[in-house]
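*Asks:*
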Amino acid sequence: MEIKIFAGFGHILLEVGFALLPLLGFFLFFQIFILRLPWPQLLNILKGLVPTFLGLALFLQGVKVGFFPVGSEMGAILAGMHHNWLLIPIGFVLGFVATFAEPAVRILNLEVEKTSSGSIPQSIMLYTLSLGVGLSIAISMARMLLGIPLWYLIIPGYLLAMLLMRYSSKTFTSIAFDSGGVATGPMTVTFIMAVSVGAAGVMEGRNPLLDGFGMITLVALAPILAVLILGLLFNRRRREQA
1 MEIKIFAGFG HILLEVGFAL LPLLGFFLFF QIFILRLPWP QLLNILKGLV
51 PTFLGLALFL QGVKVGFFPV GSEMGAILAG MHHNWLLIPI GFVLGFVATF
101 AEPAVRILNL EVEKTSSGSI PQSIMLYTLS LGVGLSIAIS MARMLLGIPL
151 WYLIIPGYLL AMLLMRYSSK TFTSIAFDSG GVATGPMTVT FIMAVSVGAA
201 GVMEGRNPLL DGFGMITLVA LAPILAVLIL GLLFNRRRRE QA
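First residue of the sequence shown? That's 1 in our numbering, and the numbers climb one at a time after it.
(1) The alpha helix (DSSP H) with Gly134 in it runs from where to where?
(2) Buried or exposed: where does Arg143 fall if 16 or more other Cβ atoms within 10 Å of its Cβ makes it buried?
(3) Between the beta-carbon of Val227 and the beta-carbon of Phe172, is there less than 7 Å?
(4) For Tyr167, which residues from the same chain have a beta carbon less than 7 Å from its beta carbon, with the 5 sequence-adjacent residues on both sides left out?
(5) Can you find a C-beta in chain B that's less than 7 Å from the C-beta of Leu23?
(6) Please state the DSSP three-state secondary structure of Pro156.
(7) Examine the Cβ distances between the stretch 73 to 85 and the stretch 103 to 115 and report whether three or more of them are shorter than 8 Å.
(8) Which stretch, first to last residue, makes up the alpha helix (DSSP H) that contains Ser196?
(9) Contact defined as beta carbons within less than 8 Å: I believe Ile137 pairs with Val219. What is the distance between those atoms, to the nearest angstrom?
(10) Figure out for me which residue from Met74, Gly198, Val189 and Gly180 has the closest Cα to the Cα of Leu129.
(11) Rounded to the nearest angstrom, what separates Arg206 and Leu43 at their Cα positions?
(12) As a quick exercise: from Phe92, Gly48, Gly95 and Val133, pick the residue whose alpha carbon is nearest that of Pro223.
(13) Residue range of the alpha helix (DSSP H) that Met215 falls in?
(14) Does Gln61 pass the burial test, meaning 16 or more other C-beta atoms within 10 Å, or should it be called exposed?
(15) At what residues does the alpha helix (DSSP H) containing Gln41 begin and finish?
(16) Short of 8 Å in beta carbon distance, which residues of its chain neighbour Phe6, apart from the five on each side in sequence? Order them along the chain.
(17) The alpha helix (DSSP H) that contains Ile88, what's its start and end?
(18) Give me the Cα-Cα distance between Gly91 and Ala101, rounded to the nearest whole angstrom.
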C-alpha cells in the first residue's frame, strides 16, 4: 500500500498557523507598547518564526503518517504474541530511549545545571528522568496485561510523592514537578502512547479507552518520584561530606 507522506499536509499547516497566530499577536502587542526591541533583534525573532512554523508542521505530519501507525502496529504485534509479557521490558527500553532523546528534557537539564552552578549535572538528571519514565512505561504495560485499575497506582504514587517532599529539599521538589510535565513530551506521547493503545486494542478483555490510555499519567508521575529520590540521595551525600 502506497503511503502519501504529505497527504493532508495543508490541513496541518492551517492548524499550526492558527496555533502560532495568537502567540505572534501577543508578542507584537508587547513589542509595540512595552518591549520596544530594536529593529535588528525584532527581525531575528520574526525570522525565527519561519523555521518554528515549518518544524511544527513537519513534525505533526510525521506523527500522523509515521509515529502513530508504526506505534500502533508494534503494540498490536507484541500484544498478539504468545509471550506478550515482552511488552514490559520493551516498554522500559522505549520509555528510556524516548526520554533520553526528548529535546525538552535536555533543555530542562541544561537549565538545572546552569542555575545550580554545576552542582546538579545534566547527565545525572538525564539518566534519572530516563530511568523513571522507562520504569513507568514498564509498569503501565504490566498494568494493561494484568488488568489493574489505574487508580491503584496513581493514588499511592502521589501519596508517596507527598511523603518524599517532606524529606527532599525545596530545590529538588521544584525541579521534580517541572520534570513531570517536561517528560510527557512529543516523543513519549506520540509514539509510546500509540504502542499502548495498539496493544490494548488486540488483547482479549481489554478496552483501548480504559487500558490503553492513562499511561501518560504514570509518565508524568514517575519523574516526580525519581527526582525527589535523587534529592534524598544528594542530601545524604551532603550530610556525609559535612
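Note that the Cβ used here is the ideal one computed from N, Cα and C, for glycine as well.
*Replies:* Considering the structure as presented:
(1) Counted from its first residue, the sequence shown places residue 134 at position 134. Segment Gln122 to Leu146, the alpha helix (DSSP H) holding Gly134.
(2) What you label residue 143 is simply residue 143 of the sequence shown in a count that begins at 1. With 16 or more Cβ atoms within 10 Å of its Cβ, Arg143 is classed as buried.
(3) Residue 227 sits at position 227 when you count from the first residue of the sequence shown. Residue 172 sits at position 172 when you count from the first residue of the sequence shown. Yes; because the gap between Cβ atoms is below 7 Å, this pair is in contact.
(4) Start at 1 with the first residue of the sequence shown, and residue 167 comes out as number 167. The residues are Leu232.
(5) The question asks about chain B, but that chain is absent: this structure has only one protein chain.
(6) One-based indexing of the sequence shown puts residue 156 at position 156. In this structure, Pro156 counts as helix in the three-state DSSP scheme.
(7) no
(8) By one-based count along the sequence shown, residue 196 stands at place 196. Segment Met193 to Val202, the alpha helix (DSSP H) holding Ser196.
(9) For the purposes of this step, residue 137 is identified with residue 137 of the sequence shown, where counting begins at 1. For the purposes of this step, residue 219 is identified with residue 219 of the sequence shown, where counting begins at 1. The beta carbons of Ile137 and Val219 sit about 7 Å from each other, so the pair counts as a contact at 8 Å.
(10) What you label residue 129 is simply residue 129 of the sequence shown in a count that begins at 1. The shortest C-alpha separation from Leu129 is found at Gly180.
(11) Numbered from its first residue, the sequence shown carries residue 206 at position 206. Numbered from its first residue, the sequence shown carries residue 43 at position 43. Between Arg206 and Leu43, the C-alpha separation is close to 53 Å.
(12) Sequence index remark: in the sequence shown, residue 223 carries index 223 (1-based). The residue with the shortest Cα to Cα distance from Pro223 is Val133.
(13) Here residue 215 refers to the residue found at position 215 of the sequence shown. Residues Met215 to Gln241.
(14) To locate residue 61, count along the sequence shown from 1; it is residue 61. Buried, by the Cβ-count rule.
(15) As a first step, residue 41 is located in the sequence shown; it is residue number 41 there, counting from the start. Per DSSP, Gln41 belongs to the alpha helix (DSSP H) from Trp39 to Gly62.
(16) Walking along the sequence shown from the start, residue 6 turns up at place 6. For Phe6, the CB contacts under 8 Å within the same chain, skipping 5 residues up- and downstream, are Gln61 in chain order.
(17) Here residue 88 refers to the residue found at position 88 when the sequence shown is read from its first residue. Residues Leu87 to Phe100.
(18) For the purposes of this step, residue 91 is taken as residue 91 along the sequence shown, with counting starting at 1. For the purposes of this step, residue 101 is taken as residue 101 along the sequence shown, with counting starting at 1. The C-alpha of Ala101 is placed about 15 Å away from the C-alpha of Gly91.
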